[in-house]
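Visitor:
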Amino acid sequence: MIKKIVSFLLSLSVLLCIPACGPSDTGSSAESSKGATLPDYDKKSEELSVKIAGWVIPANLDETQIGYLKESGISVLQAASAGSGTLSIDVSTELSESNRTLMETLKQNDFSVLLHIRGKDAERLEYVTNVTEYDAVQGLCFDEPDKSQIDAIASRVDSYNAKAGNKDLFVNLYPSLATAVKNDFGGSYKAYLEYFCEKVLSRLTAGEKWLSADRYPLTYDNKGEPCLDTGWLADVEAVALVARQYEEVKTNFFIQTMPYGGEKNSGEVLGSRDRVPTYEDVRMQEYTLMTFGYDMISCFCYGSPVAGVEFLDRQVAMIDREGNRTDIYYAVQKVNREILAFDHVLKQFDWKGVFTNDAGVTTDGKERTKNSSFAGLTSRMSLAAIDSLAEVTTSADTLFGYFMDEEENVGFSVVNYNDSSAGLSDTVTLRFNPSYGFRNAICYVGGEKKTVSLNGNALELELGVGEGVFVIPY
């Protein structure tokens with residue numbers, strides 16, 4: 000009888016130690032049903048962060064403009080010459096006294112700056128010696144080289160390594176639709192990206208190695224209706240996949256934060272990006288990049304370039320040509336704050352791949368899709384390859400990222416991937432493999448951490464237009 004009483008008391012003590020199921024927003028770690036403890040994902044460090052950059056910076060960086068930059072979430076300034084009124088620093092000579100003062104101001108405010116090489120002249124990389132002493136200078140930036148220009152950059156890599164110290168050689172590459180890619184690489188975007196990596200990044204020792212590209216998704220179809228550029232997602236994937244082939248390569252992609260190009264009218268529709276990005280448009284882009292494990296997001300543009308052939312007078316960016324904040328500024332700021340609230344969590348996970356699900360479909364391992372953007376992906380995962388996940392159901396077309404930390408805990412990024420003009424919400428159900436014993440999930444919604452209980456191994460999410468969330472089941 001005594002043995003039975005002792006046994007009962009031991010069993011009761013074990014039961015009392017099991018945490019109760021139910022929503023909770025507290026605690027930095029959680030007890031897994033598998034008996035393991037999740038890491039303390041709340042820890043932050045410089046290494047566990049996503050950088051957000053702004054292309055085109057107002058020339059007058061007074062206290063007000065510095066404040067706007069800090070409040071926007073942008074920490075990397077890409078000083079590309081875009082006409083009068085925008086910041087452009089000539090690296091071919093020693094910096095002027097005013098620019099030296101500016102470098103100190105940027106340093107004090109925790110900004111770094113990428114200085115644009117004028118005219119795509121690779122010889123100007125030699126001038127890096129004029130800026131190596133400035134901590135605020137992240138490196139030199141070369142935009143959209145073709146094959147011959149990559150060769151010219153490659154011929155100077157050894158010299159750059161010897162002279163640049165810790166300054167990056169940041170080269171932003173063309174999108175796949177560029178004539179240079181079609182002519183020089185037979186239209187193979189992967190070959191273009193790999194050519195740059197082999198010729199330049201594989202030999203680069205100065206600074207960090209960046210693989211960067213640009214393409215912008217907000218466009219119109221041949222009927223003049225707003226839609227997504229279906230090739231945008233494929234280019235985002237290509238950069239992420241090629242970077243993974245090489246050691247210590249970080250990824251950056253430019254997102255659309257202003258309208259540009261020809262007006263949408265009866266004579267010109269296809270190719271126009273004349274759409275003012277909304278909060279929903281921006282968050283779809285940023286959460287998509289997070290779904291592919293990107294290290295930096297670049298806003299095109301932060302300041303408004305001078306009006307001309309590419310930019311109309313009425314087309315402005317986050318900061319207009321008079322230095323005022325626009326509606327786009329506040330939309331981008333809101334998304335940036337969301338991303339920067341949990342970027343340190345996401346960066347504790349390694350990106351493994353992506354999978355997709357069409358509206359109204361329950362995916363159990365089949366890979367068919369009617370979504371043209373999804374169909375362009377070359378490495379969509381089958382659900383059968385993800386042991387922890389048994390089934391997925393969505394009410395709208397949905398993009399998923401699959402992640403795993405160093406202790407093999409899994410994470411999932413979930414994005415409502417549809418043009419915002421459709422106004423589609425998305426009900427997503429993730430049904431987990433019962434053998435994993437998941438009972439709860441940590442969800443980052445709008446950047447905020449929430450802990451919820453699963454319902455019969457399933458998690459249901461309600462996503463707004465363009466919304467993304469990050470989920471850690473346990």
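Residue numbers for the sequence shown follow numbering that gives the first Met the number 0, so the first one is 0 and each next one is one higher. Virtual Cβ for every residue (Gly too), placed ideally from N, Cα, C.
#1: What residue ranges within the region 95-172 form continuous beta strand (DSSP E) runs of no fewer than 3 residues, ordered along the chain?
#2: Measure the CB-CB distance between tyrosine 126 and valine 90 and report whether it falls below 8 Å.
#3: Among Asp425, Ile441, Met403, Asp39, which one has its Cα closest to the Cα of aspartate 349?
#4: Could you tell me which residues DSSP pairs with valine 75 in its beta bridges?
#5: Count the other CB atoms within 10 Å of the CB of threonine 85; is the residue buried (16 or more) or exposed (fewer)?
#6: Where does arginine 202 sit, in a helix, a strand or coil, going by DSSP?
#7: Would you mind reading off the limits of the beta strand (DSSP E) that contains alanine 440?
#8: My assumption, with CB atoms under 8 Å, is that alanine 316 sits in contact with methionine 257. Please give the rounded CB distance.
#9: Reducing DSSP to helix, strand and coil, say where aspartate 213 ends up.
#10: Rounding to the nearest angstrom, what Cα-Cα distance links glycine 179 and tyrosine 173 in this structure?
#11: Who are the near neighbours of leucine 250 in its chain, counting only those whose CB is closer than 8 Å to its CB and skipping five residues on each side?
#12: Assess, as a yes-or-no matter, whether the region 317-333 is touched by the region 61-72 under the definition of 3 or more beta carbon pairs within less than 8 Å.
#13: From what residue to what residue does the beta strand (DSSP E) around serine 372 run?
#14: Ignore the nearest five residues each way along the sequence and tell me which others in valine 353's own chain have a CB closer than 8 Å to its CB.
#15: Name, in chain order, the residues that DSSP records as bridge partners for glutamine 255.
#16: Take the Cβ of proline 57 as the centre, count every other Cβ of all protein chains shown within 10 Å, and call the residue buried at 16 or more, exposed below.
#17: In terms of residue numbering, what span does the beta strand (DSSP E) encompassing valine 476 cover?
#18: Going by alpha carbons, who is nearest to proline 433 out of Asp386, Phe110, Glu461, Tyr416?
#19: Quick check on the burial criterion: 16 or more other C-beta atoms within 10 angstroms. Buried or exposed for methionine 117?
#20: Is alanine 358 helix, strand or coil by DSSP?
#21: Ordered along the chain, which non-local residues of its own chain (more than five positions away) have a Cβ less than 8 Å from that of glycine 53?
#22: What do you get for glutamine 284, buried or exposed, if any count of 16 or more other CB atoms within 10 angstroms of its CB means buried?
#23: Measure the alpha-carbon distance for asparagine 456 versus isoleucine 441 and round it to whole angstroms.
#24: Is DSSP giving isoleucine 385 helix, strand or coil here?
#25: Any beta-carbon of chain C closer than 8 Å to the one on valine 235?
#26: Compare the Cα-Cα distances from threonine 277 to each of Gln255, Lys166, Val468 and report the closest residue.
#27: With distances taken between CB atoms, is the gap from isoleucine 338 to glycine 445 smaller than 8 Å?
#28: On the three-pair Cβ rule with 8 Å, is the region 326-345 touching the region 219-235?
#29: Since arginine 274 is in the beta strand (DSSP E), which residue starts that stretch and which ends it?
#30: Excluding the 5 residues preceding and the 5 following tyrosine 328 in the sequence, name in chain order all residues of the same chain whose CB lies nearer than 7 Å to its CB.
#31: For valine 156, which residues from the same chain have a beta carbon less than 7 Å from its beta carbon, with the 5 sequence-adjacent residues on both sides left out?
#32: Taking the Cβ atom as the reference point for each residue, do serine 372 and threonine 218 lie within a distance shorter than 8 Å?
#33: Exposed or buried, what is tyrosine 188 when buried is set at 16 or more other beta-carbons lying within 10 Å of its beta-carbon?
#34: Just to confirm my understanding: we take isoleucine 51, look at its own chain, exclude 5 residues before and 5 after, and list those with CB closer than 6 Å. What are they?
#35: Leaving out five residues on either side along the sequence, give the residues of the same chain with a beta carbon under 8 Å from the beta carbon of glycine 260.
#36: Looking at C-alpha atoms only, which residue of Val468, Val49, Asn356, Ile65 is the closest neighbour of lysine 106?
Guide: Put simply:
#1: Complete beta strand (DSSP E) runs here, min 3: 111-115, 136-142, 167-172.
#2: yes
#3: Met403
#4: Ala52, Ser111
#5: Threonine 85 should be labelled buried.
#6: helix
#7: For alanine 440, the enclosing beta strand (DSSP E) has its first and last residue at 439-444.
#8: 4 Å
#9: strand
#10: Before going on, a small fix: residue 179 reads as alanine here, not glycine. Going by the C-alpha atoms only, they are around 8 Å apart.
#11: Correcting the residue identity first, residue 250 is threonine in this sequence and not leucine. So the qualifying residues of the chain are Trp209, Leu210, Ser211, Val238, Ala239, Ala242, Phe291, Gly292, Tyr293, Asp294, Met295.
#12: yes
#13: Run containing serine 372: none in the beta strand (DSSP E); it sits in the alpha helix (DSSP H), 371-374.
#14: Glu236, Thr290, Phe291, Leu376, Ser378, Arg379, Met380, Leu398, Phe399, Gly400, Tyr401
#15: Phe299
#16: buried
#17: Because residue 476 is not part of the residues shown, which for the chain are 0 to 473, the question remains open.
#18: Asp386
#19: As written in the sequence, residue 117 is arginine, which differs from the methionine given in the question. By the neighbour-count rule (16 or more Cβ atoms within 10 Å), arginine 117 is not buried but exposed.
#20: coil
#21: Leu68, Ser71, Ile73, Val75, Leu76, Gln77, Ser297, Cys298, Cys300, Tyr301, Gly302, Met317
#22: So glutamine 284 ends up on the buried side.
#23: 14 Å
#24: coil
#25: Annotation note: the requested chain C is absent from the structure, which comprises a single protein chain.
#26: Gln255
#27: no
#28: Here the region 326-345 does not lie against the region 219-235, with fewer than 3 beta-carbon pairs under 8 Å apart.
#29: No beta strand (DSSP E) contains arginine 274, which DSSP labels as neither H nor E.
#30: Ser71, Met317, Ile318
#31: Answer for valine 156: Val199, Arg202, Leu203, listed in chain order.
#32: no
#33: Taking all protein chains shown into account, tyrosine 188 has 16 or more neighbouring C-beta atoms within 10 Å of its C-beta and is therefore buried.
#34: Gly72, Ile73, Ile296, Asn335
#35: Setting aside the 5 residues that flank it on each side, glycine 260 is surrounded in the same chain by Gly270, Ser271, Arg272, Asp273, Glu309, each with a C-beta closer than 8 Å to its C-beta; the list follows chain order.
#36: Ile65
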